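Novice:
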Amino acid sequence: MNSLQADQRMSDAEEILGYDFKNPRWLWEALQAAGSPVTRVGTRNLREGNKQLAGLGDRIISVVIVTMSVEDNISIGNTNARIQMCANNERLARLCDTVGLTRCIVRNPSQQGMVSQRTKADTLEAVIGAVFKDGGLDAAEEVIEHLGIIDLLCALLGLPPESLAWPLRSDIPPGVV
Numbered sequence: 001m002n003s004l005q006a007d008q009r010m011s012d013a014e015e016i017l018g019y020d021f022k023n024p025r026w027l028w029e030a031l032q033a034a035g036s037p038v039t040r041v042g043t044r045n046l047r048e049g050n051k052q053l054a055g056l057g058d059r060i061i062s063v064v065i066v067t068m069s070v071e072d073n074i075s076i077g078n079t080n081a082r083i084q085m086c087a088n089n090e091r092l093a094r095l096c097d098t099v100g101l102t103r104c105i106v107r108n109p110s111q112q113g114m115v116s117q118r119t120k121a122d123t124l125e126a127v128i129g130a131v132f133k134d135g136g137l138d139a140a141e142e143v144i145e146h147l148g149i150i151d152l153l154c155a156l157l158g159l160p161p162e163s164l165a166w167p168l169r170s171d172i173p174p175g176v177v
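Residue numbers (UniProt numbering): 1 to 177.
(1) Can you tell me where the alpha helix (DSSP H) holding residue 179 begins and where it ends?
(2) Beta-carbon separation of VAL106 and LEU27 under 7 Å?
(3) Could you tell me whether the Cβ atoms of HIS146 and GLY18 are closer together than 7 Å?
(4) Nearest-angstrom Cα distance between LEU137 and ILE60?
(5) When the Cα of ALA130 is compared with those of GLN117, ILE144, SER110, which residue comes out closest?
(6) On the criterion of 16 or more Cβ atoms from any shown chain inside 10 Å, does residue 181 qualify as buried, or is it exposed?
(7) Please state whether the Cβ-Cβ distance between ILE16 and GLY135 is less than 7 Å.
(8) Considering just the uninterrupted stretch of the alpha helix (DSSP H) at SER3, what are its terminal residues?
So this is what it looks like as structure tokens:
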């Protein structure tokens with residue numbers, strides 16, 4: 001892949017995310033599927049593509065949902081159910097397709113152009129991790145909102161998405177899953 005193609009993928013991804021990276025290396029790393037031909041970004045070796053950032057992004061999404069739940073005085077069981085509803089791999093993979101991020105993924109050449117559900121979910125989590133590394137928790141919360149990761153939670157609770165102000169506040173009635 002030439003640098004023009006790489007720049008286009010990153011530009012497209014920034015537009016999709018609604019976020020401009022101060023250090024675009026974080027985004028470039030986040031777009032690398034496991035087995036991609038890119039094995040180094042800056043000084044970072046990518047042994048598993050975007051997996052490290054995906055792990056971070058997964059935790060950041062959970063932190064945002066847990067923060068909402070704590071503010072709403074929701075039980076830990078219901079909090080875990082919220083995380084499973086909003087951040088499961090199947091849903092994140094569909095969201096990756098819906099927002100157009102799938103086209104930005106630098107794929108493993110042995111997959112012959114196919115992108116697995118797991119790779120899509122990992123990439124969505126990885127870009128959240130990249131935004132967190134680049135701009136902190138507030139920036140990550142804004143991208144989570146922009147992408148609609150918690151819109152399902154609002155729909156299940158019968159709330160309009162705009163009822164959740166960022167940074168997070170308590171708008172969900174206590175005891176509601």
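Note that CB positions come from ideal geometry on N, CA and C, so glycine has one too. Just so we're clear, the structure is a prediction, and the values are computed from it rather than from any experiment.
Specialist: Let's see:
(1) No statement about residue 179 is possible, as the shown extent of the chain runs from 1 to 177 and does not include it.
(2) no
(3) yes
(4) 8 Å
(5) For the residues GLN117, ILE144, SER110, the minimum Cα distance to ALA130 belongs to ILE144.
(6) Nothing can be reported for residue 181, as the shown portion of the chain is limited to 1 through 177.
(7) No, they are not a contact pair.
(8) 3-17
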